[in-house]
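**Q**
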Amino acid sequence: DVSTESSDDDGDAGGVEDVRGSNRRQRGGMLSLPGAGRLHQRRLRRSADTADRDDDDDDAEGGSKTKLSRLQKKKKEKERAREEREQARMALYDSRRAAQEAEEREQRDRERREQEEQERLLAEEAALQELREEKKRQEDDEYRKWVGAIDVEESGEIGDEGRRRHDSLVKFLTDTARNMDVRRQKQPAADGSAEGDGGINNIMVLNDVARDHGVAVEVLVQVIEKLLKDGTVSGVFDDRGKFVMVSEHHYRRVAEFIKLRGRVSVKELVRECNRVILSQ
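So that you can map any letter, position 135 of the sequence shown is 135 in UniProt numbering, and since no number is skipped, the others follow by simple counting.
1) For MET204 versus SER247, is the C-beta distance shorter than 8 Å?
2) So which of VAL217, LEU128 and ARG89 has the shortest CA-CA distance to ASP141?
3) How is VAL205 classed by DSSP in three states: helix, strand or coil?
4) Are the CB atoms of MET245 and THR174 nearer to each other than 8 Å?
5) For VAL270, is the classification buried or exposed, using 16 other Cβ atoms within 10 angstroms of its Cβ as the cut-off for buried?
6) In terms of residue numbering, what span does the alpha helix (DSSP H) encompassing VAL217 cover?
7) For VAL170, does the three-state DSSP call read helix, strand or coil?
8) Are the Cβ atoms of VAL215 and LEU169 separated by less than 8 Å?
9) At the level of alpha carbons, what is the spacing between GLN107 and ARG240?
10) Grouping DSSP H, G and I as helix and E and B as strand, with all else coil, what is ASN266?
11) In the DSSP assignment, what are the bridge partners of VAL236?
12) In whole angstroms, what is the alpha-carbon distance linking PHE243 and ALA123?
13) Specify the secondary structure class of ALA189 as computed by DSSP and reduced to three states.
14) Anyone know if the C-beta pair for VAL221 and LEU206 falls short of 8 Å?
15) Short check: CB of HIS213 to CB of PHE257, under 8 Å?
16) Is it buried or exposed for GLY231, if we count other Cβ within 10 angstroms and need 16 for buried?
17) Please classify HIS213: does DSSP put it in a helix, a strand, or coil?
18) Could you tell me whether the Cβ of GLY262 comes closer than 8 Å to any Cβ of chain C?
19) So is ARG96 buried or exposed if we call it buried at 16+ other beta carbons inside 10 Å?
20) Under the three-state reduction of DSSP, which class applies to GLU272: helix, strand or coil?
21) Apply the 10 Å Cβ neighbour rule to ASN202 and answer buried if 16 or more other Cβ atoms are within range, or exposed otherwise.
22) Here's a check: name, in chain order, each residue in its chain whose Cβ is nearer than 7 Å to the Cβ of LYS75, leaving out the five neighbours to either side.
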C-alpha cells in the first residue's frame, strides 16, 4: 500500500511537473521547444541577411543610377562637342566656299570687262582703219588727179590756170629753200633772230600753203616729196601737218656742234637741232 501510494504520489508529482513544463513551454513560446532557439536565430540571421542584401541592392541600384547619370552626362558632353566641331567645320566650309565663289565671280567680271575692252578697242581700230582707208582712197584720187595733171601738162594739154598753179607752187618751194641759204650767208650765225613778216619762214603749215596756191594738201605733199627726191629741197614732215625745211646752213651748224662737243647724247642732239632750225 505504501508503495502504491508512493507511486501515486510520484505520478501526481510527475504530472504536475509535466503541466508546469507545458506551461513554461507555452509561456516561453517556441524557445522552450527542442532546437527552437537555433532555428529562430537562423531565421533572424536570414532576415538580417535579407535586409542587408536589400540594402546592398538599394545601394547598388542608387550607385548604378549615379554611374549611369554620369555616363549619360559625359556622353551628352561628347555629343555636344562633336556637334560644335561639326558646326565649326561647316562654318569654315561655307566661308571658304563663299570666298571661292566671290573670287570666281570677280574673275568672271574681270574677264568680261577685258573682253568688252578688247571688243571696244577692236571696234575703234576698225573705225580708224576705215577712216585711214577712206583717207587713203581720197589721197589716191588726189594723187591720180595730180599725176594726170602732170601728164597733161607734159603733153601740153593742161590749161593755163592749172599750169600757173603748178608753177607757182614749185617756184614757192624752190625759192624758199634757195633764199634760206642766201639769207644765212649774209647774216651772222650768232644772230639767230627771225625776221618779220617779210622774212623767210622755214616752217610751213601745209593747209595754209595748199590754200594759198589753190591745191589740195595731198597734192602739196606729193609735190614736196617729189622735190625731196630730186634734192631740190631738204626737210622733214612732222605729225602736226607741217613741213620743216632744212638748209645746208642748218646741217653745217649741227655738224659743228657735234664736232665741238665730241660726244653728245640723242637728247642733246635733238635739242640742238630744234634750236638751230627754229632760229632759221
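Every residue, glycine too, gets a C-beta built ideally from N, C-alpha and C.
**A** Based on what the coordinates show:
1) no
2) VAL217
3) strand
4) no
5) exposed
6) 217-230
7) helix
8) yes
9) 42 Å
10) In the sequence as displayed, the identity of residue 266 is Val instead of Asn. Here VAL266 sits in helix by DSSP.
11) VAL244
12) 32 Å
13) Residue placement at ALA189 is poorly supported in this model, since its pLDDT is 44, which falls under 50; the coordinates still yield a value, given next. Coil.
14) yes
15) no
16) exposed
17) coil
18) Note that chain C does not occur in the displayed structure, where there is just one protein chain.
19) exposed
20) helix
21) buried
22) none
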